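Scroll down for the structure; my scribbles are underneath it.
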Amino acid sequence: MSYRNKLWRFLGVYGHPDSTQCSHTWILLNRLQGLSALPWLCGGDFNEILQEKEKSGGLPRKEALMDSFRLALDSWGLMDLGFSGPEFTWSYKRDGGDLIHERIHRCVSLMEWMG
Numbered sequence: 011m012s013y014r015n016k017l018w019r020f021l022g023v024y025g026h027p028d029s030t031q032c033s034h035t036w037i038l039l040n041r042l043q044g045l046s047a048l049p050w051l052c053g054g055d056f057n058e059i060l061q062e063k064e065k066s067g068g069l070p071r072k073e074a075l076m077d078s079f080r081l082a083l084d085s086w087g088l089m090d091l092g093f094s095g096p097e098f099t100w101s102y103k104r105d106g107g108d109l110i111h112e113r114i115h116r117c118v119s120l121m122e123w124m125g
């Protein structure tokens with residue numbers, strides 16, 4: 011893609027919905043990241059949170075899962091671009107269970123993409 015005469019790449023993400031399989035998403039992103047030297051923007055449904063405050067209701071998220079996500083983003087030099095609007099991007103309520111809200115959708119990019 012190009013914007014303001016700068017070339018860059020966009021990668022849409024749908025992270026594995028099974029938390030035990032998230033590592034497959036991070037491995038795939040790692041492979042795709044290495045295909046081009048262009049600055050890139052990556053966005054979509056990662057099916058993971060970065061920190062516990064991005065979740066409300068239900069059982070606490072396992073720290074190891076959030077650590078794995080943070081490590082993956084850090085290893086590629088990707089930064090969360092933040093958001094405006096509702097705090098949570100996903101909600102779910104099981105019969106008789108808690109209402110769960112999470113911020114699992116986001117955009118991340120390299121510093122070069124923002125410049």
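For the record, in the sequence shown the residue sitting at position 88 is 98 according to the working numbering, with numbers rising by one throughout. The beta-carbon is built from N, C-alpha and C at its ideal position, and this holds for glycine as well. Only a predicted model underlies this, so the values are computations on that prediction, with no experimental measurement involved.
Exposure of T35, with buried meaning 16 or more beta-carbon neighbours within 10 Å
Answer is buried; the Cβ neighbour count reaches 16.
Alpha carbon of H111 to alpha carbon of W100, nearest angstrom:
Using only the alpha carbons, I get a separation of about 6 Å.
When you compare each of D84, G53, Y102 to G67 by their alpha carbons, which one comes out closest?
Taking the Cα of G67 as reference, the smallest distance to any Cα among D84, G53, Y102 is reached at Y102.
Top-ranked residue by Cα proximity to R41, from T30, D28, F56, L21
With distances taken between CA atoms, R41 lies nearest to L21 out of T30, D28, F56, L21.
For R3, count neighbouring C-beta atoms within 10 Å of its own C-beta (all shown protein chains included) and say buried if the count is 16 or more, exposed if not.
Here the chain covers residues 11 to 125 and nothing more, so residue 3 does not appear.
How would you call I114, buried or exposed, if buried means at least 16 neighbouring beta carbons within 10 angstroms?
buried
What first and last residue would you give for the alpha helix (DSSP H) that runs through E73?
73 to 86
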